[in-house]
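> Protein chains in written order, with my numbering: chain U, 1 to 419; chain Z, 420 to 838. Cβ atoms here follow ideal geometry from the backbone N, Cα and C, with glycine treated the same way. These figures come from a predicted structure and were not determined experimentally. I'd like to ask some things about the structure below.
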DNA sequence: GACCCATTTGTTAACCGTCGGCAATACTCC
DNA sequence: GGAGTATTGCCGACGGTTAACAAATGGGTC
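Shown next, in the form of structure tokens:
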């Protein structure tokens, strides 16, 4: 058994359920926070880090020292002051790389990032419908990882960790894909398979959670406590963060916002229910709006939702009335569903992410805001910012890599002893 | 200005939003946990407390020592063991009392509890529709408090604190009723008014939050992390707890589950929207189901929902088919709305509370379970226990008093120096 | 240009608080 | 009195902060 396993095989058998907080957790949280500030404000002085985090300068100095010792940070210069110049810290771009792997129904995407989560390189391998065995998927991941690491040049960079997202219910502590509905996987110890083949600390989770972590570190979630990210794609779902940290639910399946009922006894949904949010605002649902409005629309591309949504986006730009009606109809449902989240959870921000949100963009968002204003209660509504994600690239693989960084930061040894 | 104010008037002006955790918080959380164990398992040995909390015996001993010094706990006897007998701890019933005040639209309820949150006495004063000025409400609270404390006998007991719930959006830190829709209150510094007149540390909050705190301490929330309590009354709302603690949302208005849309463009709701959950499962909504099924039903009591719901409950017991249909119809909506919560939040338990849940009881719950099973996703569904609240009495005033106990426990000085 | 001082930054040590482990003590039973 | 268990006190490890101190620079003075 390799020691690169990120999940101790036997754990979690504690007698009680309450997460007892230890002082160690405080240090780890501070490391996260300081790393976030350095990434966002780079180059940045210790003084400024202290001001932004609220920590004392002494604590900042020790934590920064740890991060320098771990090879993540670097003093990159100095800044004038009235007295001694401030040293400026930045992420050491040679300090190591992180891998973010997004396993979806039709593709496996492997992205390489530096320790500041700046995108370096990426490959995407298509997944045919027959290739749904875990070992086949693992094969694609391994080949993708080899490709990007190979291209990264010599000497091979130090890999700090890999984050892998798999759809469905994932037990992130055990590295187990508990249930992946599309492939009918049950309790696949995916993480072990991967660690064994990669020799890299691997962190398995679900794409919704990766997306919210990416927003927390780099997007609308920065400096906020309660954030929801809505993944609008073929399926739809929500990533949730409460009090500044990821919320997973009791059994790692929180966030199935797509399968909450919006229209009782409404449109059938592929989950078997009726009137689910996903049936109206998922890509197939949007295509259905178009088909119902104009069955012969030239924007319709049979068997290719992506092309249809693209055509729709072009139609909006061109002022096509049918396209506009489709957007309005979609927003009628999406807005009500967003208002539900606002009323129930009173978040600070709701972020629209994934490819449908990207393509339909501002026109959809404007309509949604108007609908939300009608449905949501006044006070929570004004407290919530509704925005599109500003993250570049695939925010799922970015979030997966971020989870790997969090894992790495959690395991840095504290160095009091110096020498 | 009195020093019994529980809310420092100037606070919260920190530059950053992240709640920086201190080791002090750990101690406070452990005090809560140990107090909960003592209340639930009383009389209980230190050993058992350690086993149930997962803390070391040493830590349990120090915290128990603090609580004894604060007058909350007492050694009440010994338990045989093979060697030295275990000392048994219990709450000191003479250690102090807590007040729980539930301010509703039509009444002010003041309950007195001992430090173990056992009910001692209570009074309810009716609130006429004209009596909606803050000072009038305060007057009722003060008179109620004087009554129960007067009856408690001499010498007057030590009051550890008072928790007061007010409907609407409440800023618990500042003790301000930010917005109470029924009375059109805006930014009433209710807490200051009360502290000044009572001379008792007062803790203001919202009834939904009180209800979930009560469940966390004494009901289905014990030893659970993620719990939802549904308040089914004239209005409906949800109290939320994530990771073992109360969730308030960004601006203290999380939990408006009653105003999430379940039937797009459905029944009008008094909030101005349409198709809200409350319009179907709030008491008036249930009465409307009955009216639609049988406009001449003898169970209908004009202008008295409570009587109608009571008649409905009797009808169910008697096997009245109309009553059963009304329950089924109500469950059709309630079940779907509960399933939404399960899919979105994946909680460990959902607790049905308040007077409608009490009266319609098991028959409603059975129907709801069946509907939820159809609507919710399989895996989160089996992970969620759906139950009626087992708390006796008014769980809102109980929760309010519990909030006061939490406040008291947070402010116990740590005593290393002894003598 | 040499020197000194003010000023600010960064580091170190001391302190307090938390928890856990271990040994000494307390207590009862056999 | 000895065995066995409970409780307590003490110590170490770790966290953060405060305060004192060392380091680095600029500016003024001779």
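Excluding sequence positions up to five away, which residues of its chain have a Cβ less than 8 Å from the Cβ of residue 476(Z)?
The answer, listed in chain order, is 465, 466 and 469.
> According to DSSP, is residue 666(Z) helix, strand or coil?
Coil, per DSSP.
> Spatial neighbours of residue 134(U) within its chain, please: C-beta separation below 7 Å, excluding the five flanking residues on both sides.
Hits under 7 Å: 185, 188, 190 and 193.
> Using a Cβ-Cβ cutoff of less than 6 Å, which residues in the same chain neighbour residue 323(U) once the five nearest sequence positions on both sides are dropped?
Cβ neighbours of residue 323(U) beyond the five flanking positions: 312, 315 and 316.
> With a threshold of 8 Å, are at least 3 pairs of Cβ atoms found where one atom belongs to the region 698-715 of chain Z and the other to the region 620-627 of chain Z?
Output reads no: the region 620-627 of chain Z does not touch the region 698-715 of chain Z.
> Using a Cβ cut-off of 8 Å (strictly closer), state whether residue 379(U) contacts chain Z.
It does; some Cβ of chain Z falls within 8 Å.
> Ignoring anything shorter than 4 residues, give me the alpha helix (DSSP H) runs that lie fully in the region 547-571 of chain Z, in order along the chain.
Runs of the alpha helix (DSSP H) inside the region 547-571 of chain Z: 553-570.
> What's the C-alpha gap between residue 548(Z) and residue 527(Z)?
Roughly 12 Å between the two C-alpha positions.
> List the DSSP bridge partners of residue 269(U).
According to DSSP, residue 269(U) bridges with nothing at all.
> Ignore the nearest five residues each way along the sequence and tell me which others in residue 570(Z)'s own chain have a CB closer than 7 Å to its CB.
So the list reads 540, once near-sequence residues are dropped.
> Would you mind sorting residue 22(U) into buried or exposed? The rule is 16 or more other CB atoms within 10 Å of its CB.
With fewer than 16 other Cβ atoms within 10 Å, it is exposed.
> Less than 8 Å separating the beta-carbons of residue 798(Z) and residue 251(U)?
Against a cut-off of 8 Å, the Cβ pair of residue 251(U) and residue 798(Z) comes out as a contact.
> Excluding the five sequence neighbours on either side, which residues of its own chain have a C-beta within less than 7 Å of the C-beta of residue 826(Z), listed in chain order?
Closer than 7 Å at the Cβ level, and outside the excluded window around residue 826(Z), lie 425, 580, 620 and 622.
> Hey, residue 340(U) and residue 679(Z) are a contact pair by Cβ (cut 8 Å); roughly how many whole angstroms apart?
That pair is a contact at about 4 Å.
> Can you find the residues in the same chain that come closer than 7 Å, C-beta to C-beta, to residue 751(Z), ignoring five residues on each side of it along the sequence?
For residue 751(Z), where only same-chain residues beyond five positions count, the Cβ hits under 7 Å are 790.
> Can you check whether the CB of residue 630(Z) is closer than 8 Å to the CB of residue 658(Z)?
Yes; because the gap between Cβ atoms is below 8 Å, this pair is in contact.
> For a contact defined as C-beta to C-beta under 7 Å, what are the partners of residue 645(Z) on chain U?
The answer, in chain order, is 249 and 250.
> Let me confirm a value: residue 715(Z) is counted as buried when at least 16 other C-beta atoms fall within 10 Å, else exposed. Which label applies?
So residue 715(Z) ends up on the exposed side.
> Cβ of residue 771(Z) within 8 Å of Cβ of residue 651(Z)?
Result yes, Cβ atoms of residue 771(Z) and residue 651(Z) sit closer than 8 Å.
> Nearest to residue 196(U) by CA position, among 24(U), 65(U), 230(U) and 139(U), is which residue?
Nearest C-alpha to residue 196(U): 139(U).
> CB-CB under 7 Å to residue 794(Z), same chain, minus the five flanking residues each way: which ones, in chain order?
For residue 794(Z), where only same-chain residues beyond five positions count, the Cβ hits under 7 Å are 754, 755 and 758.
> Quick check: what's the CA-CA separation for residue 724(Z) versus residue 776(Z)?
Taking the straight line from one Cα to the other gives about 14 Å.
> Apart from the five residues on each side of it in sequence, which residues of its chain come closer than 6 Å, Cβ to Cβ, to residue 229(U)?
These residues qualify, in order along the chain: 211, 212, 215, 239, 351 and 353.
> Show which residues of chain U have a CB atom less than 9 Å away from the CB atom of residue 672(Z).
343, 346, 377, 379, 380 and 383, listed in chain order.
> With DSSP collapsed to three states, give me the class of residue 114(U).
Residue 114(U): strand per DSSP, three-state reduction.
> Which of the three DSSP states is assigned to residue 430(U) in this structure?
Because chain U here runs from 1 to 419, residue 430(U) falls outside it and cannot be looked at.
> What does the Cβ neighbour count give for residue 275(U), buried or exposed, with the cut at 16 atoms within 10 Å?
The residue in question, residue 275(U), is buried, as its Cβ has 16 or more Cβ neighbours within 10 Å.
> Taking C-beta to C-beta, are residue 712(Z) and residue 746(Z) nearer than 8 Å?
The answer is no: Cβ separation not under 8 Å.
> Give every residue of the same chain whose Cβ lies closer than 7 Å to the Cβ of residue 666(Z), excluding the five residues on either side of it in the sequence, and list them in chain order.
659, 660 and 673, listed in sequence order.
> Within a Cβ cutoff of 7 Å, which residues of the same chain sit near residue 590(Z), ignoring the five residues on either side of it in sequence?
Here the set comprises 597 and 671.
> Measuring CA to CA, which of 449(Z), 443(Z) and 498(Z) is closest to residue 463(Z)?
With distances taken between Cα atoms, residue 463(Z) lies closest to 498(Z).
> Our contact map puts residue 256(U) next to residue 551(Z) with C-beta atoms below 8 Å; I'd like the distance itself, whole angstroms only.
Between residue 551(Z) and residue 256(U) the Cβ distance is about 42 Å, and since that is not below 8 Å, they are no contact.
> Helix, strand or coil for residue 411(U)? Go by DSSP, reduced to three states.
Three-state DSSP puts residue 411(U) in coil, outside helix and strand.
> Quick check: residue 349(U) and residue 224(U), are their CB atoms within less than 8 Å of each other?
Yes; because the gap between Cβ atoms is below 8 Å, this pair is in contact.
> Using the rule of at least 16 other Cβ atoms within 10 Å of the residue's Cβ for burial, across every protein chain shown, is residue 52(U) buried or exposed?
Flag for residue 52(U) reads buried.
> Please work out which residues of its chain come closer than 6 Å, Cβ to Cβ, to residue 720(Z), disregarding the five sequence neighbours upstream and downstream, and give them in chain order.
Result list for residue 720(Z): 726 and 727, in chain order.
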